[in-house]
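The sequence shown begins at 4 in our numbering and counts up one residue at a time. A virtual CB, placed ideally from N, CA and C, is assigned to each residue, including glycine.
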Amino acid sequence: MQASLARALVFYARSVPGWRQLAVETVRHVTGLRLDHVPAGWRDARWVRRFFKDTYQSLSYVEDWREAFARHPRLRVSPCNINNPVEIVRALRALKEADLVVALHSAVGDHLGVMRRIGRFLQGRRGPAIALFGNEYNLMDEKIDFARRAGVDFIGSQLPPAAAAQLYAGLPRVRVLHAPAALNPDVYRPGPSGPRPVDLGFRGQAYPLFVGDVERTDAVNALSDAARRAGLAVDVRFAPLERGGWSDFLAGCAGIPGAESGTYFLEPDSKLLARAQAYCRRRPAATWPEVRERFFTGARKINGKAISSRHFEPLGTKTCQVLLEGEYNGILKPMEHYIPVRKDLSNVDEAVALLADPAVRARITETAHAFARAGHTYLKRVDDLVRAALPGAEAGGGFAGQ
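Dropping the structure here:
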């Protein structure tokens, strides 16, 4: 049969899924209402901003994955926003015609209620299903249950392969694929090759205490102090930026501090982290020593520390990363792709001195940028998933379907 594009049904969300958001986006869809339709004097009102805000705007990787699927040359994608019931009905009708079904991180990350309802219909699909779970440390019991009930064929995991194999061991019929974050080179482009206004910059949320460590927060603070002692220009704030602002900020920074994402205390039912999270909600003034002693001292779980999108985005802007030592899924190598910092932070001054050296910085950023462009883009990640799920996907841009 002549090769054709594979029909892919892709579930995603613009905001954290839930019944309230479903109502909001239904109204927006039915009425066609947009922020620019609101009288200018009302647009800054808190309730108006909340009504029109897409909460995933500050998570660049959410859009990066969705766009990569939409742009894949072997797919004809039908997207379904799971907070829009009109799109859900349309998607369920298309299940028997879809060659591939994908649940993106935004759909199966922070809230599983909507997708669990949809999941019971996925058993009637035609093609294989891939689940790409977001936040692979939280709600893992619900995510694993979704994969089982929906009959998911593949899980694209952001975790290192060994950790993912342990986490999903209870799903023997599911094939777990290594699908870490990557670079979107169309959004994260190189900044100025010469001096940049900021020597060491950071934007992002401080990880909550219930995740089980404060390594990144401590590393960011220690490196910031060391950079100031060295007389460097420092711009560090624990506040997220939306994708465009984040890309611009990175392009204006010579260096950025960081550490692996995730948790050392991963488990298939997430019970330990759930108890810690509940404790932190009840006691918002709880300190890290208090939380560590109560929940994490002596705990032995799966090490779920992993590379994240924040480690690829600076590669695109040629911003030199100063990272806490780690495995980074076996992808990034110290002094080749980043400047390493010991876990005890004993070499922060030496790391900052390396960052301040233009020759060292140029060598690392050029190597890392070429490395990411060559084999670690989102389009490459999607291509790997498509080839695994659809062996009929052909290099010439078609699908030898049935």
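With contacts defined by Cβ atoms closer than 8 Å, A229 and V363 do not form a contacting pair. In this structure, the beta-carbon distance from V105 to V13 falls below 8 Å. When C-alpha distances from A97 are compared across S109, R79, A110 and G112, the shortest belongs to R79.
Secondary structure of R79 (DSSP, three-state): strand. The alpha carbon of I367 has as its nearest neighbour, out of P394, D386 and Q324, the alpha carbon of Q324.
Scanning D386, A222 and A48 for the CA closest to the CA of A354 turns up A222.
Burial of T320 is indicated by the presence of at least 16 other C-beta atoms within 10 angstroms of its C-beta. Non-local C-beta neighbours of A110 in its own chain, meaning closer than 7 Å and more than five positions away in sequence, comprise F14, Y15, A16, P20, I85 and M118, ordered along the chain.
Here the alpha carbons of D67 and I259 stand approximately 21 Å from one another.
In this structure, DSSP gives T380 an extended state, which the three-state scheme calls strand. Here P198 is exposed. Its C-beta has fewer than 16 other C-beta atoms within 10 Å.
Using a C-beta cut-off of 8 Å, the stretch 155-162 makes no contact with the stretch 281-297, since fewer than three inter-stretch Cβ pairs fall below that distance. By the Cβ-count criterion, H108 is buried, with 16 or more other Cβ atoms from all chains shown falling within 10 Å of its own Cβ.
Taken through DSSP and simplified to helix, strand or coil, F157 comes out as strand.
Where Q169 is concerned, the enclosing alpha helix (DSSP H) starts and stops at P164 to L170.
A167 has its alpha-carbon roughly 12 Å from the corresponding atom of P175. Ranked by how close their Cα comes to the Cα of A375, the residues G35, I334 and Q280 have I334 in first place.
Per DSSP, reduced to three states, the secondary structure at Q24 is helical.
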